[in-house]
Amino acid sequence: MEPTTYGWLVLAFPLAGSVLIGLGYRLLPGRSAGWIGTAAIALSFAATMGALTQLLDLPTEERQLTSSLYDYASAGGLDIQLSILVDPLAVYMCLVVTGISTFIHLYSVSYLSSDRGYARFFSYLNFFVFSMLLLVLAGNLILLIVGWAFVGFASYALISFWYRRTTATEAGMKAFVINVVGDVGLVLAALFIFRELGTLDLLAIFEAAPEEFSTNESVAVAIGLLLLVGAAAKSAQVPLHTWLPDAMEGPTPVSALIHAATMVTAGVYLIARFHPVYEIALTAADVAAIVGLATLLIAATIALVVTDLKRIIAYSTMSQIGYMVMGVSIGAYSAGLFHLMTHAFFKALLFMAAGSVIAAMANRQNIDLMGGFRRALPFTSATLLIGCLALAAFPGTSGFFSKDEILAFAEHRGGFYWVFAIGGYVGALLTAFYAFRIGFRVVFREPVPEARELEQGHLVHAEPENPATGEKEDTDVGFPGPEHHIAERAWPMRIAMSVLAVGALFAGFVQVPGVTDTIHEFLHGSFEHSGFYEDIPSDAAEWRGLAVGAVISLAGILLAAIVYLRRPGTTAGLVERFPALHTFLERKWYFDELIDAVIVRPALGFGRWADRTFERYVVQGLVLGAIETARGANAAVRVAQSGYLRSYALLLVVGFCGLGVYFLIAGGS
Amino acid sequence: MDITWYLVLSALIFAVGVAGVLLRRSPLVILLCLELMLNAGNLALLAFSRSLGNEEGQVFALIVMVVAACEVVVGLGLIVAAYRRRIPLNVDELRSLRG
Chain A
1 MEPTTYGWLV LAFPLAGSVL IGLGYRLLPG RSAGWIGTAA IALSFAATMG ALTQLLDLPT
61 EERQLTSSLY DYASAGGLDI QLSILVDPLA VYMCLVVTGI STFIHLYSVS YLSSDRGYAR
121 FFSYLNFFVF SMLLLVLAGN LILLIVGWAF VGFASYALIS FWYRRTTATE AGMKAFVINV
181 VGDVGLVLAA LFIFRELGTL DLLAIFEAAP EEFSTNESVA VAIGLLLLVG AAAKSAQVPL
241 HTWLPDAMEG PTPVSALIHA ATMVTAGVYL IARFHPVYEI ALTAADVAAI VGLATLLIAA
301 TIALVVTDLK RIIAYSTMSQ IGYMVMGVSI GAYSAGLFHL MTHAFFKALL FMAAGSVIAA
361 MANRQNIDLM GGFRRALPFT SATLLIGCLA LAAFPGTSGF FSKDEILAFA EHRGGFYWVF
421 AIGGYVGALL TAFYAFRIGF RVVFREPVPE ARELEQGHLV HAEPENPATG EKEDTDVGFP
481 GPEHHIAERA WPMRIAMSVL AVGALFAGFV QVPGVTDTIH EFLHGSFEHS GFYEDIPSDA
541 AEWRGLAVGA VISLAGILLA AIVYLRRPGT TAGLVERFPA LHTFLERKWY FDELIDAVIV
601 RPALGFGRWA DRTFERYVVQ GLVLGAIETA RGANAAVRVA QSGYLRSYAL LLVVGFCGLG
661 VYFLIAGGS
Chain B
1001 MDITWYLVLS ALIFAVGVAG VLLRRSPLVI LLCLELMLNA GNLALLAFSR SLGNEEGQVF
1061 ALIVMVVAAC EVVVGLGLIV AAYRRRIPLN VDELRSLRG
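Chains as they are written, first to last, in this note's numbering: chain A, 1 to 669; chain B, 1001 to 1099.
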């Protein structure tokens, strides 16, 4: 089969799964919805593997294949086809998305098995994977935007999955609205591209862009910046990031799937995909890199003080995505995408482990209440620590190789790009510290009562309540309720976590400087015309970077060990000494308040003014004026309607006489 | 053959009809006068038809008669109905369609 045929199959399986589960949920017995969903994604992964093997058989320069099902719209020079583009980048993304998603589905089969919305969950989840794959495989901008918007919707549906939980529905709306801001940026970029280049086909754009635009031409920069708006909203980059931490209101597998492994990488993919544009619009690329750097530092500092377990991981996601955005923006494409893959492994793993811990804590997420789970949850603790090691870029783990490759490239690029390297290393120190803030506090120290009970073989249950508001949860529509599922007692969860743990530990070895170069080689076909792709740092420089990274990572972990294990009171002391800083970080740099003051309040004020002043005086005035005019006019006309039959007849006769006279005169002359 | 006299007669009958419609108040008489006007028209049509040797005018007159018959049916029906309901048969009083 052609690689493109496999491409269509990749799309078909999750869509079929979503429709089947969504329509047939009444007929599906027991937990079969979950298994169908998992199988659909697994088949999709198999199809991706098929596409991969087919693609590898082709010579490097022929590895960009398009296929079109039918003409979607064709008018005025616009030719939109339902077409996919199968190239190394797309296949690589599909591998990450379907591979990680398969295990997250598998995990969810157990984790959500006592949830009332079980089938609905899997239908959404399959739809989400379908949307993401559509985004990645799209052969033209229109289809890409369609996938982009589908992803936004799917994330809304999944964040608000427990729809009677007010905080969840609000978080869903927030995510949706911010995503729409990004959609607007993307659509405007598409319009600019069409106006300037006359095509929306991706390959045609990439071919035409270097010829039509000169370096840093203002239109190209505008396109780059508008694409960046889209990427920032989807990838939770400053200042469009506030939806991501709130999105943790959804079920934990959703956090793992959407907000760690796949959806948030869409922005990274977009920037990498549009690298021909960014290499012309260098200013836009620099702005994107600065956004990435700012995000990685801001998110890392917030992750130091947040106490909600899932939110710490969410901020670490933001921070890691910041690395990727920075990487693909400065030209370290293969490094950025490599980090995307390793991050998908260890972040999904961290969320899964966190889900297991939260279940053991009877749905409480505050890490201040956790501790000492190493004996109660041995398997979860081990995987959590593996995830933390990879996140902290501990030497030898996957995150170690990928993160340092980005920073080595930043150093290598020279100029002012060393700022990104320095910022990245500072971020790495913070990352290692907060990673083991999670690791040490949850796994080690004194066991909390929940852990002690679990050691006796008894899983703690509690009336579920919303940690944000203290409301009692409504379990009728599908909240885990009194039944929780920990990895130690559910084999699908254990399998999923084991596989991801192996990935988190060893995925880095596919690309070790001077030894292996798999990803860089494979992605070459998509970056053939890039000016930066082959301009990679020497192996010596990379190993130097790795050494620095190793030292920083170990320092961060050591610091965390001192602060959280040796002298447990340290953090409280710091909070007392720097209360202003602590509040500043705890309020997340006041971004929510900033957006509230700059956008929400003015918009509300404008709305109020429109309601009270504009509506009352202008709109009402116009309407009443129109009514009065019509009334006056018809009063004048009514006089003629006397009701006297004979006067009507007279008018008729007079009229006809007039007509006759007119024709006599006109005919006579 | 000169058709002037036919046309004069036709015009006279038509004028009588118009005067009747405009001056009389009884619906019955108005209906009669309408018939007069229609038949004046018929007379003119027939006269022209004979004068020009074209039969279409005669056919036209026949059709006008059919229409006139229909109109009388409806008109008389209305008058009878009004009479039965003790509604005054005076068009000046029947003016509920006043705007």
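The beta carbon of each residue, even a glycine, is placed where N, CA and C say it ideally should be.
Model, not experiment: these values are computed from the prediction.
Chain B within 7 Å of residue i, Cβ atoms only
i        : result
A:Leu645 : yes
A:Val653 : yes
A:Ala635 : no
A:Ala649 : yes
A:Ser160 : no
A:Ser74  : no
Nonlocal neighbours in the same chain, by C-beta distance under 6 Å from residue i, ignoring five residues either side
i        : result
A:Ser553 : Ala392, Ala393, Phe394, Ala432
A:Leu106 : Thr38, Pro492, Ala496
A:Ala451 : Gly372, Phe373, Ala376
A:Ala231 : Gly267, Leu270, Ile271
A:Thr178 : Inspection of the sequence shows that residue 178 of chain A is occupied by Ile rather than by Thr. Closer than 6 Å at the Cβ level, and outside the excluded window around A:Ile178, lie Ala233, Leu240, Trp243.
A:Val293 : First, the amino acid is wrong: residue 293 of chain A is Leu here, not Val. Cβ within range, chain order: Met326, Phe420, Gly423.
A:Ala332 : Ile406, Phe409
Inter-residue CB distance, residue i and residue j (contact presumed, cutoff 8 Å)
i        : j        : result
A:Leu133 : A:Leu11  : 6 Å
A:Gly147 : A:Leu158 : Wrong, their Cβ atoms sit about 16 Å apart, outside the cutoff.
A:Ala504 : A:Phe345 : 4 Å
A:Val86  : A:Pro14  : Contact flag wrong, Cβ pair sits at about 17 Å.
A:Arg436 : A:Gly508 : Sequence check: residue 436 of chain A is Phe here, not Arg. That belief does not hold up - the Cβ atoms of A:Phe436 and A:Gly508 are roughly 19 Å apart, past 8 Å.
Euclidean distance between Cα positions of residue i and residue j
i         : j         : result
A:His520  : A:Phe194  : 31 Å
A:Lys234  : A:Phe127  : 17 Å
B:Tyr1083 : B:Gly1077 : 10 Å
A:Leu429  : A:Gly556  : 5 Å
A:Ala635  : A:Gly621  : 21 Å
A:Pro449  : A:Glu488  : 18 Å
A:Ser316  : A:Leu23   : 37 Å
B:Arg1098 : A:Ile627  : 23 Å
B:Val1021 : B:Cys1070 : 19 Å
A:Met370  : A:Val426  : 28 Å
A:Leu349  : A:Tyr118  : 22 Å
A:Leu659  : A:Ala666  : 10 Å
A:Ser334  : A:Ser108  : 31 Å
A:Met173  : A:Val510  : 40 Å
A:Glu534  : A:Arg63   : 18 Å
B:Ile1013 : B:Asn1039 : 8 Å
A:Leu297  : A:Asn363  : 30 Å
A:Gln81   : A:Ala16   : 21 Å
A:Leu559  : A:Leu565  : 10 Å
A:Glu211  : A:Ala220  : 12 Å
A:Ser68   : A:Glu279  : 28 Å
Chain A within 7 Å of residue i, Cβ atoms only
i         : result
B:Leu1032 : no
B:Val1074 : no
B:Val1066 : no
B:Arg1086 : no
B:Leu1097 : yes
B:Leu1022 : yes
B:Val1091 : yes
B:Val1018 : yes
Sequence-distant residues of the same chain with beta carbon closer than 7 Å to residue i, five excluded per side
i         : result
A:Ala222  : Phe192
A:Leu144  : Leu135, Ala138
B:Ala1044 : Leu1007, Ser1010
A:Gln365  : Asp308, Leu309, Lys310, Ile358, Pro467
Neighbourhood of residue i by C-beta, 8 Å cutoff - its chain only, sequence neighbours within 5 removed
i        : result
A:Leu226 : Gly185, Leu186, Leu188, Ala189, Phe192
A:Val181 : Val229, Ala233, Leu240
Worksheet item: Between the segment 339-359 of chain A and the segment 414-421 of chain A, do three or more beta carbon pairs fall short of 8 Å?
Response: In short, these stretches do not touch, since the Cβ pair count stays below three.
Worksheet item: Taking contact to mean at least 3 C-beta pairs separated by less than 8 Å, is the segment 271-290 of chain A in contact with the segment 301-316 of chain A?
Response: no
Item to complete: Answer yes if the segment 52-60 of chain A comes into contact with the segment 15-35 of chain A, meaning at least three C-beta pairs across the two stretches below 8 Å, and no otherwise.
Response: Too few Cβ pairs lie closer than 8 Å, so no.
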